[in-house]
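S.K.:
In this note's numbering, the protein residues as written are 600 to 784.
Shown next, in the form of structure tokens:
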């Protein structure tokens, strides 16, 4: 591990290569978890205040879950996107014509219909940000559904995730990370 400001960074991120390939995995990273993506207070507020901008685009099953359980799932550890069933797909997934699962927020964002891309934790994945008693921790998760994305021909993960890292930590922090790793900005 090494530090960039107050963030402890996993040593593996120095060399780990990654390139998301939705044609291969079909978006299964948003289907195979036991919790939905963590959402911040600001993200919860956006989702609650903008339901009318995305609700009609949800599947009937997702609408039923949202109507029954709400837009956000909360437990003692935090707030998350709700799942269709225990250890199932995120309610905010839609399937495109090619059978690829995609985030409704991201789809509407790229269609310029909303200004919210998707929860930051989802944008960062497979990078994970957590906190311990002393610092934030930036690590990664290698899920079986993403195995085909960790290839030697891919970009360094920290380059692939540059936009999400900038959203999380800011441009100056990303620049310091790249300098520590001898990567061009």
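Don't be surprised by glycine CBs; every beta carbon is placed ideally from N, CA and C.
#1: Within its chain, find whatever has a CB closer than 8 Å to the CB of residue 672; leave out the 5 residues flanking it on each side and keep chain order.
#2: By Cβ distance, which residues of its chain are closer than 8 Å to residue 734, with the 5 residues on each side in sequence left out?
#3: With respect to the alpha helix (DSSP H) encompassing residue 705, which residues constitute its N-terminal and C-terminal limits?
#4: My assumption, with CB atoms under 8 Å, is that residue 628 sits in contact with residue 724. Please give the rounded CB distance.
#5: Which term fits residue 638, buried or exposed, when burial requires 16 or more other beta carbons within 10 angstroms of its beta carbon?
#6: Would the region 755–770 and the region 714–724 be scored as touching if the rule is three or more Cβ pairs under 8 Å?
#7: With a threshold of 6 Å on Cβ separation, who are the neighbours of residue 615 within its own chain once the five nearest residues in sequence on each side are excluded?
#8: DSSP beta-bridge partners for residue 600?
#9: Using a Cβ distance threshold of 8 Å, determine whether the region 771–783 contacts the region 647–663, with at least three qualifying pairs required.
#10: Using 10 angstroms around the beta-carbon of residue 632, count the other beta-carbons present and answer buried if the total reaches 16, otherwise exposed.
#11: Pull up the CB-CB distance for residue 707 and residue 652, whole angstroms please, since I reckon it's below 8 Å.
#12: Please determine, among 664, 613, 626 and 781, the residue with the shortest C-alpha to C-alpha distance to residue 698.
#13: In three-state terms, what does DSSP make of residue 693?
M.R.: This is what the structure gives:
#1: Mapped onto the chain shown, residue 672 falls at position 73. Contacts found: 634, 635, 678, 679, 680, 681 and 682.
#2: Within the chain shown, residue 734 is the residue found at index 135, counting from 1. Taken in chain order, the residues that qualify are 602, 605, 606 and 607.
#3: On the chain shown, residue 705 is found 106 positions in, with the first residue counted as 1. Taken as a continuous stretch (DSSP letters only), the alpha helix (DSSP H) holding residue 705 covers 703–709.
#4: By one-based count along the chain shown, residue 628 stands at place 29. By one-based count along the chain shown, residue 724 stands at place 125. About 6 Å separates the Cβ atoms of residue 628 and residue 724, confirming a contact at the 8 Å cut-off.
#5: Within the chain shown, the letter at position 39 stands for residue 638. Burial of residue 638 is indicated by the presence of at least 16 other C-beta atoms within 10 angstroms of its C-beta.
#6: Contact between the region 755–770 and the region 714–724 is present: 3 or more CB-CB pairs across the two stretches fall below 8 Å.
#7: In the chain shown, residue 615 corresponds to position 16, counting from 1. If we look at residue 615 and ignore the five residues flanking it on each side, its Cβ neighbours are 756.
#8: Along the chain shown, read from residue 1 onward, the residue named residue 600 stands at position 1. Here residue 600 is not bridged, per DSSP, to any residue.
#9: Taking a cut-off of 8 Å for Cβ pairs, the region 771–783 and the region 647–663 do not touch, as fewer than three such pairs fall below it.
#10: Working through the chain shown from its first residue, we reach residue 632 at position 33. Under the 10 Å beta carbon count, residue 632 is surrounded by 16 or more other beta carbons and is classified as buried.
#11: The count along the chain shown starts at 1 and reaches residue 707 at position 108. The count along the chain shown starts at 1 and reaches residue 652 at position 53. The pair is a contact, with the Cβ atoms about 7 Å apart (cut-off 8 Å).
#12: Translated into the one-based positions of the chain shown, residue 698 becomes position 99. The shortest Cα separation from residue 698 among 664, 613, 626 and 781 belongs to 626.
#13: Taking the first residue of the chain shown as 1, we reach residue 693 at position 94. DSSP places residue 693 in strand when its eight states are reduced to three.
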